[in-house]
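Novice:
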Amino acid sequence: MVIDKQQVARHFSKAADTYNDYAELQRSIGETLLSYLPNKLYPLAIDLGCGTGYFSRSLKAHSSHVVALDLSLAMATKAKRYAQPSAALVSDAEHLGLADDSVDLVFSSLALQWCNDLAAALKEIRRVLKPNGVLLFSTLSQGTLFELEQAWSSIDSNRHVNRFLTQDDIVQAASKAGFNNAKFHHEQRTLWYEHAFLLLADLKGIGANYVVGGEPNSTNRGQLKAMARNYKDMFGQAANNMQISATYKVSYGVLIND
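Printed below as a string of structure tokens:
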């Protein structure tokens, strides 16, 4: 199934005003990604999928010029106001619209999972990177939100969680894109919630509630309550006050264009 980029942009635009209130996990993953940055000055850095500009501002400590890019105009506007980058533009990772060999660093945290073809996106990023330019990215992999998917499985046949690439798929995409110098790190993050509705609120709050192939507005209140009961029954942890787990599988890549 094809990811509708306009839908992705629309969902993130709706969440532009609430994103920072719900983005604790996103900030934590981005900070981990930033810790992998080779320690040198980058004349021109791109924050690809900049969101509200939290890391666009952080990148200014490592770069003379930072350009913030996002699918969502509302997010790019937020980033411009918050981070005051050299520029903030609407752009798609698969079609960057930047000159060949023009960028020293591309930083992209939790954005590339919204690409239809990861290898094509990585190839496009490699095109704009200078020789020895660096791509630093994080993305989600298979197994993310498996609890939510299983909680829905007996309620209806609709898709409620996006499909994610396997860790091997991500590594192979980098190779296919022509990155011969690539290092990867994989980890699991677990969040805990009192109720499944709080997880859904988090996803909506950051704009990550667009499901490819899903049926928007097809779920009624009774189905939501049934899903929440399933979730608690299947994944409530007695040792953790019956809170429910939400798993995120995170892959980090440090790719050098040598």
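As numbered in this note's numbering, residues 33 to 290 make up the sequence shown, in order.
Every residue, glycine too, gets a C-beta built ideally from N, C-alpha and C.
1) Go ahead and pull the three-state DSSP assignment for Val-135.
2) Would you call Trp-224 buried or exposed, if buried means 16 or more other Cβ atoms sit within 10 Å of its Cβ?
3) Going along the chain, which residues of its own chain have a beta-carbon closer than 7 Å to the beta-carbon of Glu-190, five neighbours each way excluded?
4) Evaluate Gly-165 with the Cβ neighbour count: other Cβ atoms within 10 Å of its Cβ, from every protein chain shown; 16 or more gives buried, anything less gives exposed.
5) Counting Cβ pairs, one atom from each stretch, are 3 or more of them under 8 Å apart for the segment 36-44 and the segment 229-245?
6) Indicate whether Leu-65 and Ala-77 have their beta-carbon atoms separated by less than 8 Å.
7) Tell me, which residues are paired with Phe-169 by DSSP?
8) With three or more beta-carbon pairs closer than 8 Å as the criterion, would you say the segment 106-117 touches the segment 138-146?
9) Tell me the rounded alpha-carbon separation between His-218 and Leu-172.
10) DSSP three-state label for His-227, please.
11) Using a 10 Å radius around the Cβ and a threshold of 16 neighbouring Cβ atoms, would you call Lys-257 buried or exposed?
12) What would DSSP say about Ile-35, mapped onto helix, strand or coil?
13) Kindly identify the DSSP beta-bridge partner or partners of Ile-187.
14) Can the beta-carbon of Leu-287 be found less than 8 Å from the beta-carbon of Phe-178?
15) How about the segment 266-285 and the segment 197-216: do they share at least three Cβ pairs that are nearer than 8 Å?
16) Give the straight-line distance between the Cα atoms of Asp-133 and Ile-157, rounded to the nearest whole angstrom.
17) Output the distance between the C-alpha atoms of Lys-126 and Arg-221, rounded to the nearest integer angstrom.
18) Per DSSP, Tyr-280 forms a beta bridge with which residues?
19) Counting C-beta neighbours from all protein chains within 10 Å, is the total for Gln-269 16 or more, i.e. buried, or is it exposed?
20) Which word fits Leu-73, buried or exposed, when buried means at least 16 other C-beta atoms lie within 10 angstroms of its C-beta?
21) Do Ile-61 and Ser-170 have their C-beta atoms closer together than 8 Å?
22) DSSP puts Asp-124 in a beta bridge; with which residues?
23) DSSP three-state call for Leu-161: helix, strand or coil?
24) Where do the ends of the beta strand (DSSP E) carrying Ser-96 lie?
25) Of all the options Ser-45, Glu-63 and Leu-137, which has the alpha carbon lying nearest to the alpha carbon of Pro-75?
Specialist: Checking against the coordinates, here is how it stands:
1) The count along the sequence shown starts at 1 and reaches residue 135 at position 103. In the three-state reduction of the DSSP assignment, Val-135 falls in the strand class, which pools E and B.
2) Along the sequence shown, read from residue 1 onward, the residue named residue 224 stands at position 192. Exposed, by the Cβ-count rule.
3) On the sequence shown, position 158 is the one that residue 190 refers to. It should be pointed out that residue 190 corresponds to Asn in this sequence rather than to Glu. For Asn-190, where only same-chain residues beyond five positions count, the Cβ hits under 7 Å are Gly-246, Glu-247 and Ser-250.
4) Translated into the one-based positions of the sequence shown, residue 165 becomes position 133. Label assigned to Gly-165: buried.
5) A contact between stretches requires three or more CB pairs, one per stretch, nearer than 8 Å, and the segment 36-44 meets this requirement with the segment 229-245.
6) Here residue 65 refers to the residue found at position 33 when the sequence shown is read from its first residue. Here residue 77 refers to the residue found at position 45 when the sequence shown is read from its first residue. In this structure, Ala-77 does not lie closer than 8 Å to Leu-65 by Cβ.
7) Looking up residue 169 in the sequence shown gives position 137. BP columns for Phe-169 point to Ser-140 and Gly-285.
8) Because the criterion of three Cβ pairs below 8 Å is not met, the segment 106-117 and the segment 138-146 do not touch.
9) On the sequence shown, residue 218 is found 186 positions in, with the first residue counted as 1. On the sequence shown, residue 172 is found 140 positions in, with the first residue counted as 1. So the alpha carbons of these two residues sit roughly 10 Å apart.
10) Indexing the sequence shown from 1 puts residue 227 at position 195. Of the three classes helix, strand and coil, the one that applies to His-227 here is coil, per DSSP.
11) Residue numbering aside, residue 257 sits at position 225 when the sequence shown is read from its first letter. Taking all protein chains shown into account, Lys-257 has fewer than 16 neighbouring C-beta atoms within 10 Å of its C-beta and is therefore exposed.
12) Walking along the sequence shown from the start, residue 35 turns up at place 3. In the displayed model, Ile-35 falls within coil according to three-state DSSP, outside both helix and strand.
13) Counting from 1 along the sequence shown, the entry for residue 187 is found at position 155. Ile-187 is not bridged to any residue.
14) Here residue 287 refers to the residue found at position 255 when the sequence shown is read from its first residue. Here residue 178 refers to the residue found at position 146 when the sequence shown is read from its first residue. For the 8 Å CB-CB criterion, Leu-287 and Phe-178 do not form a contact.
15) Between the segment 266-285 and the segment 197-216, the count of Cβ pairs shorter than 8 Å is three or higher; the stretches touch.
16) Translated into positions along the sequence shown, residue 133 becomes position 101. Translated into positions along the sequence shown, residue 157 becomes position 125. The straight-line gap separating the alpha-carbon atoms of Asp-133 and Ile-157 is approximately 10 Å.
17) As a position in the sequence shown, residue 126 is number 94, starting the count at 1. As a position in the sequence shown, residue 221 is number 189, starting the count at 1. Reading off the sequence shown, one finds Glu at residue 126, where the question assumed Lys. Straight across, the Cα-Cα distance linking Glu-126 with Arg-221 is about 27 Å.
18) Translated into the one-based positions of the sequence shown, residue 280 becomes position 248. DSSP output for Tyr-280 lists Arg-221 as bridge partner(s).
19) Position 237 of the sequence shown, counted from the start, is the residue given in the question as residue 269. Exposed, since its Cβ has fewer than 16 Cβ neighbours within 10 Å.
20) Position 41 of the sequence shown, counting from 1, holds the residue named residue 73. By the beta-carbon neighbour count (other beta carbons within 10 angstroms, threshold 16), Leu-73 is exposed.
21) Residue 61 sits at position 29 when you count from the first residue of the sequence shown. Residue 170 sits at position 138 when you count from the first residue of the sequence shown. Yes, the pair counts as a contact, with Cβ atoms nearer than the cut-off.
22) Your numbering for residue 124 matches position 92 in the sequence shown. Looking at the DSSP assignment, Asp-124 forms a beta bridge with His-127.
23) As a first step, residue 161 must be located in the sequence shown, where it is residue number 129. Here Leu-161 sits in strand by DSSP.
24) Counting from one through the sequence shown, the residue named residue 96 turns up at place 64. Start and end: 95-102.
25) Against the sequence shown, residue 75 aligns to sequence position 43. For Pro-75, the closest C-alpha among the options Ser-45, Glu-63 and Leu-137 is that of Leu-137.
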